[in-house]
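Undergrad:
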Amino acid sequence: MTTVYDFTVKKPNGEMLSLKQYEGKAFVIVNTASKCGFTPQFGGLQSLYEKYKDDGLMVLGFPCDQFNNQEFDDIDKTTEFCQVNYGVTFPIFAKIDVNGDHADPLFKHLTTEKKGLLSKKIKWNFTKFLIDKNGQVVERYAPQTDPEKIEEDLKNVLS
């Protein structure tokens with residue numbers, strides 16, 4: 001059975017990172033954008049990360065520019081924006097596609113495991129996936145779902 005630990009992702013500097021190094025941790029995986037109406041959710045994601053990282057939570061942010069070009073072209077601007085404006089300390093990875101022929105394999109897996117309301121396609125920035133400590137996709141949350149609203153589900157996955 002495939003888990004998120006079976007995937008490799010690209011860091012902002014171009015190096016590849018195996019998610020296997022996080023084996024045993026739970027995740028909130030989210031496609032992000034720096035110039036989106038939901039961008040303030042970075043603050044809520046950072047709060048969850050700070051509150052639960054010692055309990056085994058990882059938040060992974062994947063910038064995406066597929067929705068109205070709401071991400072910087074330069075990944076360094078993206079990471080700086082997240083750090084300066086929202087105090088983000090969780091990992092932000094290289095910009096990816098989440099839909100279409102060039103969709104990142106991790107996001108293909110996530111959307112296959114948990115479809116959205118009408119389709120498996122991601123409809124907008126800040127779609128969030130909750131992953132348990134076994135690397136299985138537990139839940140998918142719509143972009144408008146504030147990170148604080150997933151806290152109860154997160155606690156169940158961490159316990």
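1 is the number of the first residue of the sequence shown in the UniProt record's numbering; add one for each residue after it.
All C-beta atoms in this analysis are idealised placements derived from N, C-alpha and C, irrespective of residue type, glycine included.
Tell me which residues share the same chain as residue 173 and place their Cβ nearer than 6 Å to its Cβ, disregarding the 5 neighbours each side in the sequence.
TA: Shown here, the chain extends from 1 to 159; a query on residue 173 therefore has no answer.
Undergrad: Whole angstroms are fine: how far does the CA of residue 111 sit from the CA of residue 49?
TA: Whole-angstrom Cα-Cα distance: 23 Å.
Undergrad: Kindly provide the ranges of any alpha helix (DSSP H) runs that are 4 or more residues long and lie completely inside the segment 23–72, ordered along the chain.
TA: Within the segment 23–72, the complete alpha helix (DSSP H) runs of at least 4 residues are 41–52.
Undergrad: Could you tell me whether the segment 81–99 touches the segment 29–43, where touching means 3 or more Cβ pairs closer than 8 Å?
TA: Yes: at least three Cβ pairs fall under 8 Å.
Undergrad: Bridge partners for residue 9 per DSSP, in chain order?
TA: According to DSSP, which records beta bridges pairwise, residue 9 is partnered with 17.
Undergrad: Just mark residue 74 as buried or exposed, buried being the case when its beta carbon has 16 or more other beta carbons within 10 Å.
TA: So residue 74 counts as exposed.
Undergrad: What does DSSP give as the partner residues of residue 130 in its beta bridges?
TA: The partner list for residue 130 (beta bridge, DSSP) reads 28 and 139.
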